[in-house]
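The next block holds one structure in the form of structure tokens; read it before the comments.
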Amino acid sequence: MRRRDFIKHTVCASSLVFIGFPNWRFTKGQFKERRVYIFSKHLQWLHFSEMAKVAKNLGFDGVDLTVRPGGHVEPQEVEEQLPKAVEAIRAEGLIIDTITTAITDANDKQTIQIIKTAANLGIKQLRLGWYHFEENLSLELNLTRIGEKLSALDRLCGTYNIRADYQNHSGDDFGASVWDIREVYNSIKPKWLGIRYDVRHASLEGFNSWTTDLKAIHKYVKSLDIKDFVWETTKDGVHVENVPLGHGDVDFDTYSKLLENLQIQGNITLHLEYPLGGAEHGDRKLTLEPKSVLRAIEKDLKFIKRNISLKVGSLGK
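Per my numbering, the sequence shown starts with residue 230, numbered consecutively.
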């Protein structure tokens, strides 16, 4: 079956279509549904309109669009291509109010182009790139310099009325421990910066302490990335394998309860990092049948809707 025919005959469109942007202002005791987006990295084998149709048919509320090198929209083409992508997504009744970027420097020409273009299109938030620690500098000086860069981005985002979230990521870079983000944010007191909380990376870095870590940063958490992993022991040692949601070591029951108890707001972006014929890496050509990839995406989306609290709002406390 040809790709275009396959897309046309994929699962039926969801009967419920969300239009507009999220509004997180609630009165006492009022709740709102948390929205679930697909990370467009996993649909980069489809162009804008095809990607949007598939996202809608699978049942997503919106798209978290990659606007970065190798993404759906290349940074140098943002002024021309981002409006086309936004138009295609909204034409399907989907929400496009967030994008994922590689932005780390407010003074970079492409940074300003991306933020200005996104803001003019009504996009309200973006995910930043990552900062690396310089080995020849002390930890304190590294945090100071990163804080200076984030302060500049905070001011730039304020100019365009758009929020920028930094994702915690496993490894040895800034944000892996999440406490380093807390220290910098507490120091610079940002108005337009948040945290994109990734429970997979947090669980990997702090297998027993991630709940305390989340409590420490929860006031800054404004959006959520979700994925799963498992520890594997082989003759070569212990390593990490990415797996479908619910098949790994992330404690989603505790996670869901914490989202409610801590009144954490923000929408969810689904990531699929396990083997999917190249879709996990954002490849333009797949080595699996498209239906196999979409079936995996649909299963993970159903897991989210069954197991993660999608209610956000004020408990009247």
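Just so it is clear, CB atoms sit at the ideal spot from N, CA and C, and this is done for glycine as well.
Note that the coordinates shown come from a computational prediction; the quantities given were computed from them, not determined experimentally.
Helix, strand or coil at residue i [DSSP, three-state]
i    : result
H468 : strand
N536 : helix
Y503 : coil
K313 : helix
F268 : strand
L294 : strand
F250 : Any reading at F250 must be qualified, since the residue scores a pLDDT of 35, below 50, and its modelled position is unreliable; no value is offered.
E303 : coil
I497 : strand
H447 : helix
E461 : strand
I526 : helix
K531 : helix
K514 : coil
V262 : It should be pointed out that residue 262 corresponds to Glu in this sequence rather than to Val. It is a strand residue.
K257 : Below a pLDDT of 50, predicted positions are generally treated as unreliable, and K257, at 43, falls in that range; the measurement from the model is reported next regardless. Coil at K257, not helix or strand.
V541 : strand
E321 : coil
H476 : coil
Endpoints, the beta strand (DSSP E) within which residue i is located
i    : result
R425 : 422-427
D454 : 450-455
T329 : 324-329
Run of the alpha helix (DSSP H) containing residue i, from where it starts to where it stops
i    : result
F436 : Note, F436: premise wrong, no alpha helix (DSSP H); not H, not E.
K282 : 277-287
T483 : 481-490
Nearest-angstrom Cβ-Cβ length linking residue i and residue j, presumed shorter than 8 Å
i    : j    : result
V315 : L355 : Contact flag wrong, Cβ pair sits at about 13 Å.
F532 : G475 : 5 Å
I446 : H500 : In fact, because the Cβ distance is near 19 Å, the residues do not count as touching under 8 Å.
I572 : L294 : Beyond the ends of the chain as shown, which are 230 and 546, falls residue 572; an answer cannot be given.
E321 : K345 : 25 Å between Cβ atoms; not a contact.
V407 : A431 : 6 Å
P304 : P312 : Their Cβ separation, rounded to whole angstroms, is 15 Å, which puts P304 and P312 out of contact at 8 Å.
L453 : G495 : 5 Å
A348 : A317 : Not quite, the Cβ-Cβ distance comes to about 19 Å (not below 8 Å), so this is no contact.
R263 : V541 : 5 Å
N471 : Y503 : 4 Å
T333 : K378 : 6 Å
Counting Cβ pairs closer than 8 Å, one from the stretch 417-425 and one from the stretch 456-472, do we hit at least three? Counting Cβ pairs under 8 Å, fewer than three are found: no touch.
Check whether the stretch 498-515 and the stretch 269-280 touch, using three or more Cβ-Cβ pairs below 8 Å as the test. A contact between stretches requires three or more CB pairs, one per stretch, nearer than 8 Å, and the stretch 498-515 meets this requirement with the stretch 269-280.
For a minimum of 3 consecutive residues, which ranges assigned as the beta strand (DSSP E) are wholly contained in the stretch 334-409? 354-356, 392-396
Below 8 Å, how does it come out for the stretch 377-392 and the stretch 478-495: are there three or more Cβ pairs, yes or no? no
For the stretch 391-402 against the stretch 355-367, do three or more pairs of beta-carbon atoms, one drawn from each stretch, fall closer than 8 Å, so that the two count as touching? yes
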